[in-house]
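Those sequence lines, one after another, are chains A and B.
Quick note: to get my numbering, add 1 to the position in the first sequence (first position is 1).
Quick note: to get my numbering, add 1 to the position in the second sequence (first position is 1).
Don't be surprised by glycine CBs; every beta carbon is placed ideally from N, CA and C.
2 protein chains.
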Amino acid sequence: MRKVTYGAAVSLDGFITDADEALDWLRWTDDVRKITADSWKGVDAMLMGRKTWEFAVRQGGGGGRGGPSGMTTYIFSTTMTEAPEGAELVREDAVGFVRALKEAPGGDIILMGGGELAAALIAGGTVDEIGLNVHPLLLGGGVPMFPAVGGRTPLKLIEARSIASDCVLLRYEVAASA
Amino acid sequence: MRKVTYGAAVSLDGFITDADEALDWLRWTDDVRKITADSWKGVDAMLMGRKTWEFAVRQGGGGGRGGPSGMTTYIFSTTMTEAPEGAELVREDAVGFVRALKEAPGGDIILMGGGELAAALIAGGTVDEIGLNVHPLLLGGGVPMFPAVGGRTPLKLIEARSIASDCVLLRYEVAASA
Numbered sequence: 002m003r004k005v006t007y008g009a010a011v012s013l014d015g016f017i018t019d020a021d022e023a024l025d026w027l028r029w030t031d032d033v034r035k036i037t038a039d040s041w042k043g044v045d046a047m048l049m050g051r052k053t054w055e056f057a058v059r060q061g062g063g064g065g066r067g068g069p070s071g072m073t074t075y076i077f078s079t080t081m082t083e084a085p086e087g088a089e090l091v092r093e094d095a096v097g098f099v100r101a102l103k104e105a106p107g108g109d110i111i112l113m114g115g116g117e118l119a120a121a122l123i124a125g126g127t128v129d130e131i132g133l134n135v136h137p138l139l140l141g142g143g144v145p146m147f148p149a150v151g152g153r154t155p156l157k158l159i160e161a162r163s164i165a166s167d168c169v170l171l172r173y174e175v176a177a178s179a
Numbered sequence: 002m003r004k005v006t007y008g009a010a011v012s013l014d015g016f017i018t019d020a021d022e023a024l025d026w027l028r029w030t031d032d033v034r035k036i037t038a039d040s041w042k043g044v045d046a047m048l049m050g051r052k053t054w055e056f057a058v059r060q061g062g063g064g065g066r067g068g069p070s071g072m073t074t075y076i077f078s079t080t081m082t083e084a085p086e087g088a089e090l091v092r093e094d095a096v097g098f099v100r101a102l103k104e105a106p107g108g109d110i111i112l113m114g115g116g117e118l119a120a121a122l123i124a125g126g127t128v129d130e131i132g133l134n135v136h137p138l139l140l141g142g143g144v145p146m147f148p149a150v151g152g153r154t155p156l157k158l159i160e161a162r163s164i165a166s167d168c169v170l171l172r173y174e175v176a177a178s179a
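The structure is reproduced here in structure tokens:
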């Protein structure tokens, strides 16, 4: 079954962008370059919510940034009516869609930041791994990596180590994914 | 100058209790016992907000739990009119009070969980160190260790290591405390 990983760079207080969507606090080091490259190996699909997609476009990236060619980008939205160029639009139930996607043939899947979709997919038991690059600051507000959705999710620690620039890499297996 | 440390056990999504105030998810291991004992060495004062005090009382602890005798407990509240038994009541501005307390003679100071007071003191530049024992689960809601108060606080990583039971110890120096 295809593995779904939710990964993000995050402040110690759990935000993936600040209140103004600024990302200037991100520390882009050789460590991060290597970890990012490793995490994309074997991946051929990306999942993101509409807001993350629009954020990526505003940042000048678009959905395919960072990924190799041959990547399929799925945008989850109930309000968009047409798929953006280079992406597929998913208007149906996210958990059901991802559950089916994991059963279909293909490589691994990365779930991009934007807490709402991630929260729904974690709660739905479809996320297998969570990776955080914890940055050494408090942002004091912004988009949370894990919105408060109620309900516990047990995790199993895979890896915890400090990397360059006072960042800490944390990787967890989601105990009850399927 | 006396050092102020804000420490807490926290879920990966940043909560120090769940929405029902449950703490049954805490993993109390020999590692934690040793780390806790070490962190109390040289400490002779505790700071906490009214809600944390009341929570501690409901948990059957009271303010002095965990600390050695000779500990002074300061409860910060603008609504309490009388100091609870065994504690001092601080009704004045928290940042100014703690700034003066740090200049006074005495040992180190521990700031107990309950994000509101901590957030004010961190924003006010009076917290020197932050320690987290990150537990391997998402709680999905509850009392956040770091409420979103706006404004960035730069940190410097002191220590990051995995301890027993899939927990991760993170310690940071607050870059601009005074």
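{"Item": "What in chain B is Cβ-close to ALA20 of chain A, meaning under 9 Å?", "Value": "ALA149, GLY151"}
{"Item": "Check the Cβ-Cβ distances between TRP26 of chain A and every residue of chain B, and say whether any is below 9 Å.", "Value": "yes"}
{"Item": "For GLY64 of chain A, count neighbouring C-beta atoms within 10 Å of its own C-beta (all shown protein chains included) and say buried if the count is 16 or more, exposed if not.", "Value": "Note that GLY64 of chain A scores a pLDDT of 48, beneath 50, so its modelled location is shaky; the value from the coordinates is reported in the next line. Label assigned to GLY64 of chain A: buried."}
{"Item": "Does the separation of the CB atoms of MET81 of chain B and MET47 of chain B fall below 9 Å?", "Value": "no"}
{"Item": "Under 6 Å Cβ to Cβ from ARG162 of chain B, same chain only, skipping five residues before and after it: list those, please.", "Value": "LEU170"}
{"Item": "Is the Cβ-Cβ distance between GLY143 of chain A and ALA176 of chain B less than 9 Å?", "Value": "no"}
{"Item": "Would SER40 of chain B pass as a contact of GLY15 of chain B if the rule is Cβ separation under 9 Å?", "Value": "no"}
{"Item": "Indicate the three-state DSSP secondary structure (helix, strand or coil) for GLU110 of chain B in the structure shown.", "Value": "According to the sequence displayed, residue 110 of chain B carries Ile and not Glu. If DSSP states are grouped into helix, strand and coil, ILE110 of chain B belongs with the strands."}
{"Item": "Which chain A residues sit within Cβ distance under 8 Å of ALA161 of chain B?", "Value": "ALA161, ARG162, SER163, VAL169"}
{"Item": "Does the separation of the CB atoms of ILE159 of chain A and VAL5 of chain A fall below 9 Å?", "Value": "no"}
{"Item": "Compare the Cα-Cα distances from PRO106 of chain B to each of B:TYR173, B:VAL44, B:HIS136 and report the closest residue.", "Value": "B:VAL44"}
{"Item": "Check whether the Cβ of ARG66 of chain A lies closer than 9 Å to any Cβ atom in chain B.", "Value": "Residue confidence for ARG66 of chain A is low, a pLDDT of 45 falling below 50, so the modelled location carries little weight and cannot support an answer."}
{"Item": "Between GLY50 of chain A and GLY115 of chain A, what straight-line distance do the alpha-carbon atoms span, to the nearest angstrom?", "Value": "7 Å"}
{"Item": "Do CYS168 of chain B and PRO137 of chain B count as a contact pair if the criterion is CB distance below 9 Å?", "Value": "yes"}
{"Item": "ALA101 of chain A lies in the alpha helix (DSSP H); which residues open and close that run?", "Value": "95-104"}
{"Item": "Using beta-carbon positions only, say whether PRO85 of chain A and VAL128 of chain A come within less than 9 Å of one another.", "Value": "no"}
{"Item": "Strictly under 9 Å for the Cβ-Cβ distance: is MET1 of chain B near chain A by that measure?", "Value": "Because chain B spans 2 through 179 in this model, residue 1 of chain B falls outside it and cannot be assessed."}
{"Item": "Would DSSP call PHE16 of chain A helix, strand or coil?", "Value": "strand"}
{"Item": "If you measure beta-carbon to beta-carbon, which residues of the stretch 85-98 of chain A are closer than 8 Å to chain B?", "Value": "none"}
{"Item": "Taking Cβ-Cβ distances shorter than 8 Å, what residues in chain B pair up with LYS157 of chain A?", "Value": "PRO137, ASP167"}
{"Item": "Return no unless some Cβ of chain B is closer than 9 Å to the Cβ of LEU118 of chain A.", "Value": "no"}
{"Item": "What number of angstroms, rounded off, separates the C-alpha of THR79 of chain B from the C-alpha of ARG172 of chain A?", "Value": "42 Å"}
{"Item": "Could you check how far apart the C-beta atoms of ALA95 of chain A and THR74 of chain A are, in whole angstroms? I think they sit under 8 Å.", "Value": "That belief does not hold up - the Cβ atoms of ALA95 of chain A and THR74 of chain A are roughly 15 Å apart, past 8 Å."}
{"Item": "Buried or exposed, going by whether 16 or more other CB atoms sit within 10 Å of the CB of ALA120 of chain B?", "Value": "buried"}
{"Item": "What does the Cβ neighbour count give for GLY97 of chain B, buried or exposed, with the cut at 16 atoms within 10 Å?", "Value": "exposed"}
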